[in-house]
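Student:
In my numbering, the protein residues as written are 121 to 476.
Put into structure tokens, the structure is as follows:
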């Protein structure tokens, strides 16, 4: 078999992906990917072509009534500022529009048999209207007959004009309404409201967020969710263990003054020595030097005790003196060996830390 055939031929010992992995990577992941792409495309369309217009103009045609009155909150339906435009339908007829409190406007139209109410928006280009009836019966009072519409002091602002007239409403309150006087002979008059929205609804951002979440789900389905459950649990346990070790490491350093890894390495090394067998532990115990502190011993008392024990057991005092008395030369040699062993132990501990 040639080298090329060996490289191209699949390994028979390699594990094939499980059925769960095939479904997650071959079915679920493409579905989430397509949904993510669709959400991003819809978001782009809402941000460009389907973006809501900032300017809204709605109109309504009036016939059979002289007055038209807006309901409260209609002027501020889409923005705080609105422009009211009235077209009388004839270049010779005069039309007027005024702003005033809802109570005063209701008192002005109370003597009318009927008038038109502008209640809101029927669509983005059409105003919804209703017929309103008067709350009192009889002819208007003499005061109303004496004062014309444009000269009344009931309005906060009024405009009149022949053919067409416009009035701008700026940051009016909820109780302020508009009243339109089309004249006695008005037919097919047109009332129009125009808003320029300062805040346009953003419908693109929810689609962008949904697309990002769907893309993350697609990546997770292709990687984490496609893993076998036992491997996933193993990784979770390993991650939790590493997190616990990282949290405990600063505390161990603060208490002992050195990293906890050295102590763990020493514990592993001691455990290995313990498993080596009872015979090797006995030999190491015999070879370990015994540290004697001469300052904590009373040499005179030891000599007397040795003499008494020698008399009882039959040994001579000379033998006891030879074993009990420590000369200065022996003491100096002992301390030199002790310093050498301490240095050797520190070097071995550093080497163990570097290997771990």
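All residues carry an ideal CB built from backbone N, CA and C; glycine is no exception. Just so we're clear, the structure is a prediction, and the values are computed from it rather than from any experiment.
Find out if the Cβ-Cβ distance for the pair residue 161, residue 284 is shorter than 8 Å.
Tutor: On the chain shown, residue 161 is found 41 positions in, with the first residue counted as 1. On the chain shown, residue 284 is found 164 positions in, with the first residue counted as 1. Going by C-beta atoms, residue 161 is not nearer than 8 Å to residue 284.
Student: Figure out for me which residue from 448, 210, 315, 165 has the closest Cα to the Cα of residue 303.
Tutor: In the chain shown, residue 303 corresponds to position 183, counting from 1. For the residues 448, 210, 315, 165, the minimum Cα distance to residue 303 belongs to 210.
Student: Got a sec? Which residues, its chain only, sit under 6 Å from residue 346 by beta carbon, not counting five neighbours each side?
Tutor: Position 226 of the chain shown holds residue 346. Only 141, 144, 145 meet the Cβ criterion.
Student: Tell me whether the segment 246 to 255 and the segment 176 to 193 touch, counting them as touching only if at least three CB pairs, one residue from each stretch, are closer than 8 Å.
Tutor: yes
Student: Let me know the beta strand (DSSP E) ranges lying completely inside the segment 237 to 313, each 3 residues or longer, listed in chain order.
Tutor: 246 to 253, 277 to 282, 284 to 290, 296 to 301
Student: Per DSSP, what kind of secondary structure is residue 347 in: helix, strand or coil?
Tutor: One-based indexing of the chain shown puts residue 347 at position 227. Of the three classes helix, strand and coil, the one that applies to residue 347 here is coil, per DSSP.
Student: At which residues does the beta strand (DSSP E) containing residue 333 begin and terminate?
Tutor: For the purposes of this step, residue 333 is identified with residue 213 of the chain shown, where counting begins at 1. Taken as a continuous stretch (DSSP letters only), residue 333 belongs to no beta strand (DSSP E), being part of the alpha helix (DSSP H) at 324 to 342.
Student: DSSP state of residue 166, grouped into three classes?
Tutor: The residue given as residue 166 occupies position 46 in the chain shown. Helix.
Student: Tell whether a beta-carbon distance below 8 Å holds between residue 163 and residue 331.
Tutor: As a position in the chain shown, residue 163 is number 43, starting the count at 1. As a position in the chain shown, residue 331 is number 211, starting the count at 1. In contact: residue 163 and residue 331 (Cβ atoms closer than 8 Å).
Student: Report the rounded CA-to-CA distance for residue 298 versus residue 245, giving the unit in angstroms.
Tutor: The residue you call residue 298 lines up with position 178 of the chain shown. The residue you call residue 245 lines up with position 125 of the chain shown. Linking residue 298 to residue 245 through their CA atoms gives a straight-line distance of about 19 Å.
Student: Pick helix, strand or coil for residue 151, following the three-state DSSP scheme.
Tutor: Looking up residue 151 in the chain shown gives position 31. Reduced to three states, the DSSP call for residue 151 is helix.
Student: Can you check the segment 179 to 213 for any beta strand (DSSP E) of at least 3 residues that lies completely inside it and give the ranges in chain order?
Tutor: Correct list: 187 to 190, 201 to 207.
Student: Out of curiosity, what's the CA-to-CA distance linking residue 311 and residue 279?
Tutor: The count along the chain shown starts at 1 and reaches residue 311 at position 191. The count along the chain shown starts at 1 and reaches residue 279 at position 159. Whole-angstrom Cα-Cα distance: 14 Å.
Student: Assign residue 319 to one of three DSSP states: helix, strand, or coil.
Tutor: Residue mapping note: residue 319 aligns to position 199 of the chain shown, counting from 1. Three-state DSSP puts residue 319 in coil, outside helix and strand.
Student: May I ask you to report which of helix, strand or coil DSSP gives residue 143?
Tutor: For this step, residue 143 is matched to residue 23 along the chain shown. Residue state, collapsed to three classes: helix.
Student: Report the three-state DSSP secondary structure of residue 215 (helix, strand or coil).
Tutor: In the chain shown, counting from the first residue as 1, residue 215 sits at position 95. Three-state result, residue 215: strand.
Student: Buried or exposed: residue 289, going by 16 or more other Cβ atoms within 10 Å of its Cβ?
Tutor: By one-based count along the chain shown, residue 289 stands at place 169. Its Cβ being crowded by 16 or more others within 10 Å, residue 289 is buried.
Student: Which word fits residue 258, buried or exposed, when buried means at least 16 other C-beta atoms lie within 10 angstroms of its C-beta?
Tutor: The residue you call residue 258 lines up with position 138 of the chain shown. Annotation note: pLDDT 46 at residue 258 (below 50); position unreliable, no value reported.
Student: So what's residue 137 in DSSP terms, helix, strand or just coil?
Tutor: As a working mapping, residue 137 is identified with position 17 in the chain shown. DSSP places residue 137 in coil when its eight states are reduced to three.
Student: Taking the alpha carbon of residue 305 as the point to measure from, which residue in 292, 339, 348, 213 has its own alpha carbon closest?
Tutor: Taking the first residue of the chain shown as 1, we reach residue 305 at position 185. Per the Cα distances, 213.
Student: Hey, could you find the ends of the alpha helix (DSSP H) residue 226 is sitting in?
Tutor: Against the chain shown, residue 226 aligns to sequence position 106. In this chain, the alpha helix (DSSP H) harbouring residue 226 covers 222 to 228.
Student: Classify residue 447 as helix, strand or coil using the three-state DSSP reduction.
Tutor: For the purposes of this step, residue 447 is taken as the residue at position 327 of the chain shown. The answer is coil: DSSP assigns residue 447 none of H, G, I, E or B.
Student: Below 8 Å, can you find three or more Cβ-Cβ pairs linking the segment 173 to 181 to the segment 268 to 278?
Tutor: no
Student: Restricting to Cα atoms, I'd like to know which of 223, 150, 166 is closest to residue 322.
Tutor: As a working note, residue 322 is residue 202 in the chain shown. Of the listed residues, the one whose Cα sits closest to residue 322 is 166.
Student: Could you check if residue 225 is buried or exposed, using at least 16 other CB atoms within 10 Å of its CB as the buried criterion?
Tutor: Position 105 of the chain shown, counted from the start, is the residue given in the question as residue 225. Counting Cβ neighbours within 10 Å, residue 225 comes out buried, since at least 16 surround it.
Student: Leaving out the 5 sequence neighbours to the left and right, which residues in its chain are closer than 6 Å to residue 236 when beta-carbon positions are compared?
Tutor: Indexing the chain shown from 1 puts residue 236 at position 116. Excluding positions up to five away in sequence, the list reads 182, 185, 188, 249.
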